[in-house]
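Reviewing the structure listed below.
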Ligand code: SD4
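Numbering (the working numbering), first residue to last: 2 to 339.
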């Protein structure tokens with residue numbers, strides 16, 4: 002239940018100056034009005050699928066699963082699920098996790114051949130005593146539970162990978178979402194595909210319960226076996242039903258180092274607005290290595306228990322989609338560098 006006393010506490014913090022005054026989070030329907038937010042422009046279509054459930058008083062957990070299944074199944078999305086760009090050896094390996102209002106969580110890491118890793122993650126949460134299954138074990142579990150083995154490397158993704166191989170130094174590429182990367186020339190260039198765009202989705206249902214999901218094919222051309230932040234509870238996703246939820250996108254290694262999504266939720270617990278909580282997490286990354294930060298992107302997205310939301314990222318260009326009773330929109334996140 003939403004704890005009024007806590008938020009009275011928060012208002013005291015606000016009056017003592019802890020809340021950021023310059024850029025307040027968007028004000029949305031109060032706790033109990035359904036709301037879904039998710040990373041990047043393609044979050045809009047995913048939100049729509051989630052809204053089909055939330056709008057009919059469905060559970061936030063079902064909504065986030067159904068929502069992120071949209072980009073997972075989309076062959077034109079090269080950074081999530083089917084059609085995702087492979088690792089440097091040509092394997093499409095997927096990372097996903099899900100978390101509910103009771104802090105139940107499930108995760109799969111480095112899972113191959115399954116179009117909907119988020120549903121496997123949910124099954125790990127609901128049918129096993131564990132939180133994480135990886136690689137072969139995750140695949141065996143999925144197949145034993147009725148998931149179909151499929152080739153996830155589409156002809157288009159394979160073509161992009163083969164182009165990249167021509168010039169690759171057999172190294173993962175530094176990712177900057179707001180620029181386009183030409184894999185053939187190994188340089189930033191107009192016209193190349195975006196390098197990566199994970200979907201992280203946060204929802205509140207009509208009971209006021211919060212759940213989240215995050216799913217990705219990870220950093221393109223990563224080393225085989227590499228796992229990013231997205232399937233790591235606390236890094237790529239965190240939900241605390243008393244306070245709020247957060248998710249991340251961008252260079253996972255940087256997010257893992259600061260346990261980013263958990264950090265964002267903890268900042269909200271201290272009374273900071275969602276946008277300011279995200280900004281503070283970004284600040285941690287930038288301050289650790291300001292020079293490196295100039296060449297990388299990380300974006301955080303957060304929802305508070307009272308229906309406020311906000312985002313912040315390192316480089317310009319991170320967008321997020323919001324769907325509620327009052328809006329269905331895509332917003333630009335504010336960024337550290339302009
Ligand atoms: C990763 N965080 O594997 C993911 C990739 C991503 O936008 O978010 N891309 O590091």
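No residue lacks a Cβ here, since even glycine has one placed at the ideal position from N, Cα and C.
Taking C-alpha positions only, residue 203 is separated from residue 107 by approximately 15 Å.
Secondary-structure assignment with DSSP links residue 298 through no beta bridge to anything. For residue 220, the Cβ falls inside the 6 Å cut-off from some heavy atom of ligand 1. Non-local beta-carbon contacts of residue 125 in its own chain, meaning distances under 8 Å to residues more than five positions away in sequence, involve 107, 108, 109, 131, 132, 133, 134, 139, 142 in chain order. Going by DSSP, residue 324 is part of the beta strand (DSSP E) stretching over 320-325. In this structure, residue 253 has its CB closer than 6 Å to one or more heavy atoms of ligand 1. Of the heavy atoms belonging to ligand 1, none sits nearer than 6 Å to the Cβ of residue 59. Within the region 230-293, the complete beta strand (DSSP E) segments at least 3 residues long are 238-241, 245-251, listed from N- to C-terminus.
With distances taken between CA atoms, residue 258 lies nearest to 231 out of 84, 231, 324, 323. By the Cβ-count criterion, residue 73 is buried, with 16 or more other Cβ atoms from all chains shown falling within 10 Å of its own Cβ. The three-state secondary structure of residue 228, taken from DSSP, is coil.
DSSP links residue 313 through a beta bridge to 301. Here the region 200-220 lies against the region 90-107, with 3 or more beta-carbon pairs under 8 Å apart.
Annotation for residue 115: no alpha helix (DSSP H) segment contains it, and DSSP assigns it neither H nor E. In the structure shown, residue 70 adopts helical secondary structure according to DSSP, grouped into three states. Under DSSP, residue 332 shares a beta bridge with 321. Not one heavy atom of ligand 1 falls within 6 Å of the beta-carbon of residue 155.
The alpha-carbon separation between residue 317 and residue 145 amounts to approximately 43 Å.
Exclusion of the five residues before and after residue 225 leaves 88, 89, 90, 92, 94 as the residues of its chain whose Cβ lies within less than 8 Å of its Cβ.
In this structure, DSSP gives residue 121 a helical state, which the three-state scheme calls helix. Three or more beta-carbon pairs separated by less than 8 Å are not found between the region 306-321 and the region 51-67, which leaves the two stretches without contact. Between the C-alpha atoms of residue 332 and residue 169 there is a straight-line separation of about 34 Å. Not one heavy atom of ligand 1 is found less than 6 Å from the C-beta of residue 245. Residue environment: residue 127 is assigned as exposed (fewer than 16 neighbouring CB atoms within 10 Å of its CB, all protein chains considered).
Contact between residue 200 and residue 59 is absent: CB atoms are separated by about 19 Å, not below the 8 Å threshold. Residue 306 counts as buried, since no fewer than 16 other beta carbons sit within 10 angstroms of its beta carbon. About 6 Å separates the Cβ atoms of residue 206 and residue 35, confirming a contact at the 8 Å cut-off. Taking all protein chains shown into account, residue 326 has fewer than 16 neighbouring C-beta atoms within 10 Å of its C-beta and is therefore exposed. For residue 50, the uninterrupted alpha helix (DSSP H) segment begins and ends at 44-55. With respect to residue 158, residue 84 sits close: the two C-beta atoms are nearer than 7 Å. Membership of residue 39 in the beta strand (DSSP E) is indicated by the continuous run 36-40. When DSSP states are grouped into helix, strand and coil, residue 339 belongs to the coil group.
Among the bridge pairs identified by DSSP, residue 97 is matched with 109, 216.
DSSP links residue 135 through a beta bridge to 110.
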